[in-house]
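*Asks:* To start, I am sharing the structure in question, which I have written as structure tokens.
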Amino acid sequence: MPEKILEIKDLKKYFPLGNGQTVKAVDGVSMDLYKGETLGLVGESGCGKSTIAYTVVGMYGATDGEVCYKGTDLVKKGYKRTLRQKGEIQIVFQDPGSSLNARRTIEKSMQVPLDIHDKMSKEKKQARIESLLEEVGLPKEYKNKMPRNIGGGERQLVSVARALATNPELIILDEPTSALDVSVQAKVINTLIELQKELELSYLFITHDLSLMRNVATRVAILYLGRLCELAPTKEFFDAPLHPYTQMLLSSIPVATEEEEAMKPEQITSQGEIPSPVNAPSGCTFHTRCRDCMDICKVEAPTMTEIGPEHFVCCHKFAKHGLEEQKEAQEE
Ligand code: SF4
141 MPEKILEIKD LKKYFPLGNG QTVKAVDGVS MDLYKGETLG LVGESGCGKS
191 TIAYTVVGMY GATDGEVCYK GTDLVKKGYK RTLRQKGEIQ IVFQDPGSSL
241 NARRTIEKSM QVPLDIHDKM SKEKKQARIE SLLEEVGLPK EYKNKMPRNI
291 GGGERQLVSV ARALATNPEL IILDEPTSAL DVSVQAKVIN TLIELQKELE
341 LSYLFITHDL SLMRNVATRV AILYLGRLCE LAPTKEFFDA PLHPYTQMLL
391 SSIPVATEEE EAMKPEQITS QGEIPSPVNA PSGCTFHTRC RDCMDICKVE
441 APTMTEIGPE HFVCCHKFAK HGLEEQKEAQ EE
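Encoded structure:
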């Protein structure tokens, strides 16, 4: 069994609004990340995926639950005394334009993590910056440029190089290509894949682009209104999706081959808009849009059930009583 590098247990992150209402941005999420894998965390805008990322790296405090990195609960122990000092967990943000300081050269921006995490001479620091730039496929002379003088894809590669400065083991990729032109997205993705192989990195890859995960992720998790719907190994996820929300998302993504077209679920039209997380529906939060909604779904929240090896689904249809009902219906 591969080593678990990150274990998220019943994580909750609530934001009080000051008018007595609360946004339950993350509401009881549990999942593990294995060493060396890419776990794709996918969902529509506002589903809580970036909130999970920010809570894992300590930018947000958790309301409840555990974030265990190599067995240490960062929520309980405190981020500063653990990973933030060592730099073992890093994050790459969606917009490299705003994550790099526009008034600093690339060299100056890349010095920041080196200054925080490592004491080294000026010469050593310069050599390290040059080698990090080359590691992500950029010329070392780029260190003298300003961020505005290079392309968007190159700026994102600089962000990746900066994240590598502290020799992290886990990198959170928060929509790393969604702000980039399609023409440069592939270069950034290929560089990330190469770096993962070379440096044995583990990625939590956050995206709204489900089709991107087919070739990048080891396993895929789907999030809806702060709760996980389904988590499965990538092939099984795309070949045999079970949760009605997963099926709805997959039915609408473009496919490249006839084989993929044959595997695609029948077209399922999205019913209604995603509800506000301030007034999330009772029971299963997807019930207002689900074509398979049953009475129980409106009052009782389903729990995660392991349907097969590493394949989890959160839906009453697949809970024990749901499976019994389906069996009875088939027998009648
Ligand atoms: Fe649909 Fe019910 Fe399953 Fe929710 S629990 S996805 S409403 S069938």
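So this note's numbering is basically just the index in the sequence shown, starting at one, shifted up by 140. The beta carbon of each residue, even a glycine, is placed where N, CA and C say it ideally should be. Predicted, not measured: the structure shown is a model, and the values here were computed from it.
1) Taking only the alpha-carbon atoms, compute the straight-line gap between residue 456 and residue 170 and give it to the nearest angstrom.
2) According to DSSP, is residue 342 part of a helix, a strand, or is it coil?
3) Distance check for residue 422 and residue 415, CA to CA, integer angstroms please.
4) Compute the minimum distance between the beta carbon of residue 426 and the heavy atoms of ligand 1, and state whether it is under 8 Å.
5) Using alpha carbons as the reference points, say which of 209, 301, 306 lies closest to residue 247.
6) Measure the alpha-carbon distance for residue 458 versus residue 310 and round it to whole angstroms.
7) With DSSP as the reference, label residue 413 as helix, strand or coil.
8) Evaluate residue 225 with the Cβ neighbour count: other Cβ atoms within 10 Å of its Cβ, from every protein chain shown; 16 or more gives buried, anything less gives exposed.
9) If I measure Cβ to Cβ from residue 372 and keep anything under 6 Å in the same chain, skipping five residues before and after, which residues do I get?
10) Along the chain, where does the beta strand (DSSP E) that runs through residue 445 open and close?
11) How long is the line joining the alpha carbons of residue 161 and residue 383, rounded to whole angstroms?
12) According to the Cβ coordinates, are residue 233 and residue 316 closer than 9 Å?
13) Compute the minimum distance between the beta carbon of residue 385 and the heavy atoms of ligand 1, and state whether it is under 8 Å.
14) Verify whether the separation of the beta carbon atoms of residue 173 and residue 192 is less than 9 Å.
15) Alpha helix (DSSP H) containing residue 246: first to last residue?
16) Given a cut-off of 9 Å on the beta-carbon distance, is the pair residue 303 and residue 230 in contact?
17) From the DSSP output, which residues share a beta bridge with residue 162?
18) Whole alpha helix (DSSP H) runs in the stretch 346-397 with 4 or more residues, listed along the chain?
19) Just to confirm my understanding: we take residue 115, look at its own chain, exclude 5 residues before and 5 after, and list those with CB closer than 6 Å. What are they?
20) Is it a yes or a no for the stretch 325-340 touching the stretch 152-161, going by three-plus beta-carbon pairs under 8 Å?
21) Along the chain, where does the alpha helix (DSSP H) that runs through residue 195 open and close?
22) From this set, 321, 200, 449, which residue's C-alpha is nearest residue 188's C-alpha?
23) I need the boundaries of the alpha helix (DSSP H) containing residue 230, first residue and last residue.
24) Can you look up residue 185 in the DSSP assignment and give me helix, strand or coil?
25) Would you be able to state if there are at least three C-beta pairs under 8 Å between the stretch 429-449 and the stretch 352-363?
26) Assuming residue 212 and residue 151 form a contact by the criterion Cβ under 8 Å, report the distance between their Cβ atoms to the nearest whole angstrom.
27) Report, in whole angstroms, the separation of the C-beta atoms of residue 314 and residue 346, which I expect to be a contact under 8 Å.
28) Could you work out which residue in 352, 366, 320, 184 is closest to residue 418 when comparing CA atoms only?
29) Which residues does DSSP pair with residue 172 in a beta bridge?
30) Whole-angstrom Cβ separation of residue 283 and residue 245, contact assumed at under 8 Å?
31) Looking at residue 369 and ligand 1, is the gap between the Cβ and the nearest heavy atom below 8 Å?
32) I need the straight-line Cα distance from residue 385 to residue 185, nearest angstrom please.
*Replies:* So, from the data block:
1) Taking the sequence shown and counting its residues from 1, one reaches residue 456 at position 316. Taking the sequence shown and counting its residues from 1, one reaches residue 170 at position 30. Each residue's Cα considered, the two are about 18 Å apart.
2) Position 202 of the sequence shown holds residue 342. Three-state DSSP puts residue 342 in a strand.
3) Residue mapping note: residue 415 aligns to position 275 of the sequence shown, counting from 1. Residue mapping note: residue 422 aligns to position 282 of the sequence shown, counting from 1. Going from the Cα of residue 415 to the Cα of residue 422 covers about 11 Å.
4) As a working note, residue 426 is residue 286 in the sequence shown. Checking every heavy atom of ligand 1 against the Cβ of residue 426, one is found closer than 8 Å.
5) Residue 247 sits at position 107 when you count from the first residue of the sequence shown. Among 209, 301, 306, the Cα nearest to that of residue 247 is on 301.
6) By 1-based counting over the sequence shown, the position of residue 458 is 318. By 1-based counting over the sequence shown, the position of residue 310 is 170. Cα to Cα, the separation comes out at about 33 Å.
7) For the purposes of this step, residue 413 is taken as residue 273 along the sequence shown, with counting starting at 1. Correct three-state label for residue 413: coil.
8) As a working mapping, residue 225 is identified with position 85 in the sequence shown. Its pLDDT being 48, under 50, residue 225 is placed unreliably by the model, and nothing is read from it.
9) Sequence index remark: in the sequence shown, residue 372 carries index 232 (1-based). Closer than 6 Å at the Cβ level, and outside the excluded window around residue 372, lie 451.
10) The count along the sequence shown starts at 1 and reaches residue 445 at position 305. Looking at the DSSP string, the run of the beta strand (DSSP E) that includes residue 445 is 444-448.
11) Start at 1 with the first residue of the sequence shown, and residue 161 comes out as number 21. Start at 1 with the first residue of the sequence shown, and residue 383 comes out as number 243. Cα to Cα, residue 161 sits roughly 29 Å from residue 383.
12) The residue labelled residue 233 in the question sits at position 93 within the sequence shown. The residue labelled residue 316 in the question sits at position 176 within the sequence shown. The answer is yes: Cβ separation under 9 Å.
13) Within the sequence shown, residue 385 is the residue found at index 245, counting from 1. Yes - ligand 1 has a heavy atom lying nearer than 8 Å to the Cβ of residue 385.
14) In the sequence shown, counting from the first residue as 1, residue 173 sits at position 33. In the sequence shown, counting from the first residue as 1, residue 192 sits at position 52. No. Outside cutoff.
15) As a first step, residue 246 must be located in the sequence shown, where it is residue number 106. Taken as a continuous stretch (DSSP letters only), the alpha helix (DSSP H) holding residue 246 covers 246-257.
16) Locating residue 303 in the sequence shown gives position 163, counting from the first residue. Locating residue 230 in the sequence shown gives position 90, counting from the first residue. Cβ atoms of residue 303 and residue 230: closer than 9 Å.
17) Counting from one through the sequence shown, the residue named residue 162 turns up at place 22. DSSP lists 156 as partners of residue 162.
18) 350-356, 374-379, 384-391
19) The chain is shown from 141 up to 472; residue 115 falls before or after that span and cannot be answered.
20) no
21) As a first step, residue 195 is located in the sequence shown; it is residue number 55 there, counting from the start. Segment 189-196, the alpha helix (DSSP H) holding residue 195.
22) Counting from 1 along the sequence shown, the entry for residue 188 is found at position 48. Of the candidates 321, 200, 449, the one whose C-alpha sits nearest the C-alpha of residue 188 is 200.
23) The count along the sequence shown starts at 1 and reaches residue 230 at position 90. Here residue 230 belongs to no alpha helix (DSSP H); instead the beta strand (DSSP E) covers 229-232.
24) Residue mapping note: residue 185 aligns to position 45 of the sequence shown, counting from 1. Residue 185: coil per DSSP, three-state reduction.
25) no
26) Counting from one through the sequence shown, the residue named residue 212 turns up at place 72. Counting from one through the sequence shown, the residue named residue 151 turns up at place 11. Not a contact, Cβ separation roughly 15 Å.
27) Translated into positions along the sequence shown, residue 314 becomes position 174. Translated into positions along the sequence shown, residue 346 becomes position 206. With 8 Å as the limit, residue 314 and residue 346 qualify as a contact, their Cβ atoms being about 5 Å apart.
28) As a first step, residue 418 is located in the sequence shown; it is residue number 278 there, counting from the start. Among 352, 366, 320, 184, the Cα nearest to that of residue 418 is on 366.
29) The residue labelled residue 172 in the question sits at position 32 within the sequence shown. Beta-bridge pairing links residue 172 to 147.
30) Counted from its first residue, the sequence shown places residue 283 at position 143. Counted from its first residue, the sequence shown places residue 245 at position 105. With 8 Å as the limit, residue 283 and residue 245 qualify as a contact, their Cβ atoms being about 7 Å apart.
31) Start at 1 with the first residue of the sequence shown, and residue 369 comes out as number 229. Result yes, Cβ under 8 Å from ligand 1.
32) As a position in the sequence shown, residue 385 is number 245, starting the count at 1. As a position in the sequence shown, residue 185 is number 45, starting the count at 1. Whole-angstrom Cα-Cα distance: 15 Å.
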